[in-house]
Amino acid sequence: MRIQVNNISFTYTNQSGVNSQSLCQALNGVSLEILPGEFVALLGPSGCGKSTLLRILAGLLQPSEGEVRLDGRPPQQALASKQIGWMAQNPALLPWRTVKENIVLAQQINPQNGRTLLSTNELLILVGLADFSEAYPFTLSSGMQHRAALARTLALGAKLWLMDEPFAALDELTRENLTDELLVLWEKFQPTVLWVTHHIYEAVRLANRVLVMTPRPGHLHAQLEIPWPQPRDESILKFPTLVLKLRQMLEAGINQ
Amino acid sequence: MKDIINKKIFLVGLLILTACTPTKASPSSKISMTFMAGYKPQANLPFAGVYVSKEKGFFDVEGLDVTIEHSSGKGEHLQFLVTGKVQVTTQDAAVLLKRRADPGLPLVSIALIGQRGQQAFAALASSGLKTPKDWEGRLVGYKGTPPPDLTALLKATGVDVNKIKLVNVGFDPRVLTEGQVIVYPVYKSNEPYLIRSWGYDLIIWDAADYGIPTLGLTYVTSEEILKTQPEMLTRFLRASLKGIQYASEHIDETVELVLKYTGPEADPQHMRYMLETELADAQGKETSTHGIGWQTHDQWQSLADMLIQYDAMPQVDVDKAFTTQILNAARK
Amino acid sequence: MKTEDIKFSDALITLALICLVGILWEGFVKWQEIPAYILPAPSKILDILIKNASMYSYAGLLTIGEAIAGLIFGTITGLVAATLLGLWPRLEQAIMTLAILIKSTPLVAIAPLLTIWLGFGVLPKIIITALLTFFPVLVNVLTGLQAADPAFVEIFHSWHANRRDIYWHIRVPHAVPYLFAALKVSGPLALIGSVVAEWTGASGGLGRIMWLAYTNLNLPYLFAAVFILAAAGVFLFSTITWVETKVVFWEKSEQ
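Protein chains in written order, with this note's numbering: chain A, 1 to 256; chain B, 1001 to 1332; chain C, 2001 to 2255.
Next up, the structure:
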């Protein structure tokens, strides 16, 4: 899916009828373009509107100014046709349903027939939860719950994955494993991925391109291409250089 | 052949005739009514009269189908009476007058069973009190609002009301035995028995002994029912008075019958005591000539005067509060 | 130790504790020579209970029956009201005001009215109990419906779910634990409600026995009824808790 964002701004207001007060301006003049199949990391300090931008792309919020196009159409259409694969820190698996039932439910809501090419069992094998289809989420570890959420996202067959620090609550080792598996799945299914993080190292490890945002009111201040193919690890010579460069860009954005 | 047919016609005719003729003793259809005792099941005389009538079939003889209910003592039995949910209930004479005056309930006494009231005051014998004069400076209990017969009693014995400390007590005679009050308001046929059974001796002051008019329990109905169903009331009263008469002659058996209604929580000796005390107070000047339950204008007026004098009640027309119509009809 | 073992030894400890209290009570009454009309000894109370077993059984069943019927009735009404408010929040002010009015009106005022309209049977008792239990259920279930984790709502929105989906899949199941919390309060309350309703006029039941016994100052009979009431309360509470562990299975304690 191709993303085009044209000079959008967003201000949170408390809506009390005619006299709405503006509480905070989260985004100010953000423009970007993401090509289909790219893995783009969105890096920035906390509270600068990264999540807001994600929500606008998902069609869950309307920008106060500016325009967003997904494959040339407004985000609401992508939302309505379930092209949005949303993953956040809370895996949000319904605790009263098994893993399998959670995945099936995701497909039953606003069903888009004929889109999922893989069965639920196949999806679970892909995320390494083949033996846990009848398990309830409360019996699974955090890492496993995130895998289940990933399988659920895959089941949608969405072309755009919007990921808001989904593995941030996990320990480092689990997080690395999961992101590696995520990359495998990305290469297999080739969605466009926008990955929000404030973890510089992770951004360099995962993304083709890193967009750096300033604090609130956020706008895109710099970007960096990461030219290496996947899989990559930190033994690549220039890895630390790019990490340092990103850090400098980040600090520059903060000090603006 | 002709004989047989004739016999058959005769037999059939006889059958039809006997089916159609109402039997003399009971009317063609029974009248249903509900009696609600003004308190829980116990051996108060009006209640006992009804229990006996029901159990011994006196109501059946009168062609009445009587359902017996009991009040919880919060006064809702009067509400049920005036809304027609029950047809006869019981009520203390003084309260009857007060409710007529305010809020103006259309109550009418059809029989005055208690010729003397049961309200009295008691103290433990060990307190050393002898006359109401000794109450000065002591804690005296009352139930509800300070009763006029208390004020009347104090006046009659020359006691200074201001020297008495009045306190509102509920039903729980243990406040007397445990010393929370020194003088406790009692119902003569009730609490004294309990307190004595716990091993305490009592001294009792009865307002009537000091010339203060008191009247006891009545059978009461509403003006509406009196007007529209006097026949039913007459039959009810006739049977109930017969029940009371029976009770006075068969005390042991009556206690047994009462226990059927009270359940095992009641003490048979206590019930017996209650019955005997109230039977004694059912006799008076009027009843020796007119029978149990008789009531006169003078009796009611004396009570009303006392209540009005001690500010318990505004003016009321006592002649509307009672009637001898049903008593007269019942004796025929 | 298995969970079942833990539960069994819990029950034994509770039983032992109750027996200990009973023994201390008996000893105290005997030692201080307290008369039965002040505080009866447990031995006397049990004696009365056994001698009148059928009376107490029948009365107990009646009162518990009234309580359960009222509990069911009140719970259903509370659920209906909470559902209405969940779907049409505009009604909230009106319905909550009505609910608070009902809750604030003392039983003593309502009970005789109900008896006048509905007669002397069990129906007024059931209605009174329902009135008592309705409010906790309404408030709790409403809170539960509105307290769903926004993360769940968000992901449903990302699937373009409609309001009904969100209501049935997120809000309703989320409100179930809250319902049980309310039932744990309402259950014992319903029992008390039945008893109090019987005090205002009844032809049977534990409340009636208690009232009659008290006005006759027959305390052993009173306490015997109280024992049964307490046992019924514990039983009701335990049953509700047990059902909760079966229904809200996902909220087990961490292993």
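Note that CB positions come from ideal geometry on N, CA and C, so glycine has one too.
The criterion of a C-beta distance shorter than 9 Å is not satisfied by Met1036 (chain B) and Met1232 (chain B). Taking a C-beta cut-off of 7 Å against chain C, the contacting residues of the segment 1078-1098 of chain B are Gln1079, Phe1080, Thr1083 and Lys1085, listed in chain order. Within the same chain, and ignoring the five residues on either side of Tyr201 (chain A) in sequence, the residues whose Cβ sits closer than 7 Å to its Cβ are Val243. If you draw a straight line from the Cα of Lys2103 (chain C) to the Cα of Trp2211 (chain C), it is about 24 Å long.
Secondary structure note for Pro1185 (chain B): its beta strand (DSSP E) is the uninterrupted segment Tyr1184 to Tyr1187.
Within the same chain, Cβ atoms closer than 6 Å to the Cβ of Ile2045 (chain C) are found at Pro2220, Phe2223 and Ala2224, the five residues on either side in sequence being excluded. With contacts defined as CB atoms closer than 9 Å, Ile1308 (chain B) and Ile1110 (chain B) fail to qualify as a contacting pair. Tyr1219 (chain B) is bridged by DSSP to B:Thr1090 and B:Ala1111. The beta carbon of His198 (chain A) is closer than 7 Å to those of Leu43, Gly44, Pro45 and Ser46 in its chain, skipping five residues each way along the sequence. Under the three-state reduction of DSSP output, Ser2194 (chain C) falls in the helix class.
Look at Phe2120 (chain C): its C-beta is under 9 Å from a C-beta on chain B. Secondary structure of Leu2217 (chain C) (DSSP, three-state): coil. Secondary structure remark: continuous alpha helix (DSSP H) runs of at least 4 residues inside the segment 1146-1170 of chain B, in chain order: 1148-1156. Along the segment 102-113 of chain A, the positions whose C-beta sits under 8 Å from a C-beta of chain C are Leu105, Ala106, Ile109 and Asn110, read in chain order.
Residue pairing for Gln4 (chain A): DSSP places it in a beta bridge opposite A:Glu33 and A:Arg69. For Phe39 (chain A), the enclosing beta strand (DSSP E) covers residues Phe39 to Leu43. Between Leu118 (chain A) and Leu105 (chain A), the CB-CB gap reaches or exceeds 9 Å. Taking the CA atoms as reference points, Thr1296 (chain B) sits about 53 Å from Ala2230 (chain C). Among the residues facing chain C, Ile84 (chain A) is included, as its CB has a counterpart in that chain under 9 Å away. Here Thr2075 (chain C) really is in contact with Thr2133 (chain C); their C-beta atoms are around 6 Å apart, less than 8 Å. Less than 9 Å separates the beta-carbon of Leu2142 (chain C) from that of Gly2086 (chain C). Beta-bridge annotation (DSSP): Asp164 (chain A) is paired with A:Val196. Counting C-beta pairs closer than 8 Å gives three or more between the segment 1141-1150 of chain B and the segment 1166-1186 of chain B, which meets the contact rule.
Leaving aside the five residues that flank Arg152 (chain A) on each side, the residues in its chain whose CB is nearer than 7 Å to its CB run, in chain order, Asn102, Ile103 and Ala106. Fewer than three beta-carbon pairs drawn from the segment 1187-1205 of chain B and the segment 2039-2057 of chain C are found closer than 8 Å, and the two stretches are therefore not classed as touching.
Across the structure, Lys188 (chain A) and Phe2180 (chain C) are spaced so that their CA atoms are roughly 46 Å apart.
Put simply, the segment 2108-2119 of chain C touches the segment 2186-2204 of chain C. At least three CB pairs are less than 8 Å apart. Look at Trp1205 (chain B) here: in three-state DSSP terms it is strand. In this structure, the beta-carbon distance from Ala2232 (chain C) to Ala2067 (chain C) falls below 9 Å. Using a 10 angstroms sphere on the CB of Ala1101 (chain B), the tally of other CB atoms reaches 16 or more, which defines it as buried.
Restricting attention to alpha helix (DSSP H) runs no shorter than 4 residues, the segment 1246-1288 of chain B encloses them at 1251-1262 and 1268-1281, ordered along the chain. Within the same chain, Cβ atoms closer than 8 Å to the Cβ of Thr1177 (chain B) are found at Leu1124, Ile1195, Trp1198 and Tyr1200, the five residues on either side in sequence being excluded. At a cut-off of 9 Å, the C-beta of Asp1267 (chain B) has a neighbouring C-beta in chain C.
Flagged as an interface residue toward chain B: Met2055 (chain C), by a C-beta distance shorter than 9 Å. Where Ala1037 (chain B) is concerned, the enclosing beta strand (DSSP E) starts and stops at Ile1031 to Ala1037.
Here the alpha carbon of Glu2033 (chain C) sits roughly 14 Å from the alpha carbon of Pro2042 (chain C).
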